[in-house]
Amino acid sequence: MPPALDTRALTKRYDDGTLALENFDLTIPEGSFFGLLGPNGAGKTTLINAVCNLIRVTAGEILIFGQPTTALDARRQVGLAEQDINLDRFLSVRETLIYHGGYFGMEKDDAEGRADEMIDAFDLRAKADVRTPKLSGGMRRRVLLARALMHRPRLVILDEPTAGVDFELRTELWRYIRQLHSEGTTILLTTHYLDEAETLCEEIALIRGGRLIARDSADGLRERFGADSLADVYVKAMATAP
Amino acid sequence: MTGFRWLARREVLRVSKLWTQTVLAPVLSSLLFILVFGLSLGDRIRDIDGFAYSEFIVPGLIAMAMVQAAYNNNASTIYQARSDRYVNDVLSAPMHPWQMNLGFIVGGFVRALMIGTALTLCAIPLTHVPLEQPLALALAVVLSLVLFSALGTVVGIFAEQWDHTAFISNVLILPLAFVGGVFYSVSLLPSPWEELSHFNPIFYLVQAMRYGFLGESDVSPVLALGVTAALAIPTYLWAQWLFSSGRKLKA
């Protein structure tokens, strides 16, 4: 069974010369809940953008369930909720979900049915016909997550999904993400909340300066770094990284 | 093809949601030109190439309104999608680059066709302008709209701020349209202005449209359509290359 995500010697150098990823190898098995931790500028979002065809990769290879990311079928397997809210300002909540489904190959009836499911799952019914710029921040975050899941991806990438959301919504999102994982979906989560990573993720990778420093379960990382908490692991790992 | 259909549909939905701005406003402003220049002042201007002035200016005015709409539509939709970053939803989707390019172009095309159809339906009873060569007109419309929709796409991809999209429209397209024979026959111009007009690309598409409506033009319709095609094809390929390479769309 091919892994959900496999990057080989992935390198990204931006036009301004910034080296965001260097020979980055990462394999995420299918069905896992994988966390990616690192400071701002570590390369987390660059990695995600490379996987989702949103940047031009300098070198290396990316395979999604064994297929190169350039293959249309590989792209269909990935759902992305970006860090920043990027909803189409001309569409209502329902239209946002239906059109996203259409972009990802869903036929009209299927997309409409699935959009209704997502609207109920994320408690968006009262706002279904409201255009996205008129939603509150929390509601937009829900739509963003619903959109990422709309086309039933096998690999869901969540880039800091709970940044700036209140405790209630954060707990609700956790519950939904856990349920999704229990149904067999592979999850790649980036977060700055160490408790979130420890609570949700089966395996965690620490990255800095575009390089992988360590990867293991939370317990394994604590043991390896001789630390009592994941926070201590993070501090030690970042301090020792080149 | 499903993704392409939905992207095209989204672009048309955007046009229809903003219909007062995207369709009604350009139709009204072009109708004002027809009413003021054609009907009010037209009686005081002698016939041009055997046509009443009100008939003569209709093809050029329709061409001008359509190409501006096609350009503005695509420049604004792409720039906005890039600026708000919801273009990522399209770029990450399982679509071929040609489907993305064509999907965006449909929006400008449909908007311009709505404007052109509305103006033609208003102009026929007002000015009695004929439709002498409908096939040539259809070809001229297709080529012109491919050219200006694709140009809008290219500018929308390169623009760093709103002003850049407006700059091309206000400083390039509009002046070239005005001196491209919309309001007069360039054969009436003294030398060297007549000869210089032949270096204006918009002159040829105005002539192609005029031939379609009136059956007459300042240059051969084959030349007019040929020059328009010679501009439309590379511009379309340029837009296509931007989607294929990801240049300016992806970091």
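As given, the protein sequences belong to chains A and B, one line each in that order. The numbering used here applies: residue 1 is where the first sequence begins, and numbers increase by one. The numbering used here applies: residue 1001 is where the second sequence begins, and numbers increase by one. Here a beta-carbon is modelled for each residue, glycine too, at the ideal position from N, C-alpha and C. If you're wondering where the values come from, they're calculated on a predicted model, not measured in any experiment.
DSSP-derived helix/strand/coil call for Gly78(A): One detail in the question is off: residue 78(A) reads as Val in this sequence, not Gly. Residue state, collapsed to three classes: strand.
*Three or more beta-carbon pairs under 8 Å between the segment 146-157 of chain A and the segment 166-174 of chain A, yes or no?*
no
### Message
Considering only the alpha carbon of each residue, which of Gly1003(B), Val1129(B), Val1186(B) and Gln1133(B) lies closest to Leu1039(B)?
### Response
Val1129(B)
Any chance you could list the beta strand (DSSP E) runs of at least 3 consecutive residues sitting entirely within the segment 3-53 of chain A, in chain order? 5-13, 19-28 and 33-37
Review point. Excluding sequence positions up to five away, which residues of its chain have a Cβ less than 6 Å from the Cβ of Pro6(A)?
Key: Residue identity differs from the one stated: residue 6(A) is Asp in this sequence, not Pro. Correct list, in chain order: Thr27 and Leu63.
Q: Please confirm whether Arg154(A) and Ala4(A) have their CB atoms less than 9 Å apart.
A: yes
ask   = According to a CB-to-CB cut-off of less than 8 Å, which residues of the segment 1086-1099 of chain B neighbour chain A?
value = Tyr1086, Asn1088, Asp1089, Val1090, Leu1091, Ser1092, Ala1093, Pro1094, Met1095 and His1096
Q) According to the neighbour-count rule (16 or more other Cβ atoms, all chains shown, within 10 Å of its Cβ), is Arg142(A) buried or exposed? A) buried
| request: Would you list the residues sitting across from Glu1195(B) in a DSSP beta bridge? | output: DSSP lists no partner for Glu1195(B).
Report task. Compare the beta carbon distance of Ala81(A) and Ile157(A) with 9 Å and say whether it is the shorter of the two. Result -> yes
Skipping 5 residues on each side, what residues in its chain have a beta carbon closer than 7 Å to that of Tyr14(A)?
Ala20
- Item | Residue closest to Glu196(A), alpha-carbon to alpha-carbon, out of Gly226(A), Leu180(A) and Ala231(A) | Ala231(A)
**Q.** Proximal chain A residues relative to Trp1006(B), where beta-carbon distance stays under 7 Å
**A.** Tyr99, Gly102 and Tyr103
### Message
Less than 8 Å between C-beta atoms, sequence neighbours within five positions excluded: which residues of the same chain meet that for Val1027(B)?
### Response
Ala1065, Ile1115, Ala1118, Leu1119 and Cys1122
Item checked: Continuous beta strand (DSSP E) stretch holding Val156(A): start and end -> Leu155 to Asp159
- request: Note the first and the last residue of the continuous beta strand (DSSP E) segment covering Gly60(A).
  value: Ala59 to Ile64
Interface partners of Ala1232(B) on chain A, CB under 9 Å:
Chain A residues near Ala1232(B): none, gap ~27 Å exceeds 9 Å.
Checklist entry - Which value, in whole angstroms, describes the spacing of the CA atoms of Leu1070(B) and His181(A)? => result As written in the sequence, residue 1070(B) is Ala, which differs from the Leu given in the question. Near 46 Å, if we compare the C-alpha coordinates of His181(A) and Ala1070(B).
* **Short-range partners of chain B found in the segment 47-62 of chain A, where Cβ spacing is below 8 Å** => Asn49, Cys52, Asn53, Leu54, Ile55 and Arg56
Quiz item: Name the chain B residues that come within less than 8 Å of Leu72(A), Cβ to Cβ?
Solution: Pro1094, Met1095 and His1096
*Out of curiosity, what's the CA-to-CA distance linking Arg114(A) and Ala1063(B)?*
43 Å
What distance in whole Å lies between the Cβ atoms of Val1012(B) and Val1106(B), which are believed to be in contact at a cut-off of 8 Å?
7 Å
Cut-off 6 Å between Cβ atoms - residues of its own chain near Val1227(B), not counting five sequence neighbours on either side:
Tyr1204
### Task
Specify whether the segment 1084-1101 of chain B and the segment 1187-1207 of chain B touch according to this definition: at least 3 beta carbon pairs, one from each stretch, less than 8 Å apart.
no
As assigned by DSSP and simplified to three states, the class of Gln67(A): strand
| task | Count the other CB atoms, across all protein chains shown, that sit within 10 Å of the CB of Val233(A); report buried if there are 16 or more and exposed otherwise. | result | buried
Query - Classification of Leu135(A) by the beta-carbon crowding that lies within 10 angstroms, buried from 16 upward - result: buried
**Item:** Selection from Thr11(A), Leu200(A) and Lys236(A) that minimises the alpha carbon distance to Ala214(A)
**Value:** Lys236(A)
task = Mind checking the segment 82-94 of chain A against chain B and listing, in chain order, the residues whose C-beta falls within less than 8 Å of any C-beta there?
result = Glu82, Asp84, Asn86, Leu87, Asp88, Arg89, Phe90 and Leu91
Next on the checklist: Quick check: the Cα distance between Asp110(A) and Phe225(A), rounded to an integer number of angstroms?
Outcome noted: 49 Å
Euclidean distance between Cα positions of Asp116(A) and Thr45(A)
30 Å
Whole-angstrom distance between Asn86(A) and Glu160(A), CA atom to CA atom
14 Å
With distance defined between alpha-carbon atoms, name the residue in Arg208(A), Gly209(A), Cys201(A) and Val57(A) nearest to Asp219(A). Cys201(A)
Beta-carbon contacts of Gly1180(B) that lie in its chain and below 6 Å, excluding the five residues immediately before and after: Asn1200, Ile1202, Phe1203 and Val1206
Please classify Met1001(B) as buried or exposed, where buried requires at least 16 neighbouring CB atoms within 10 angstroms. exposed
*asked:* In this structure, how does DSSP classify Thr1127(B) when only helix, strand and coil are distinguished?
replied: helix
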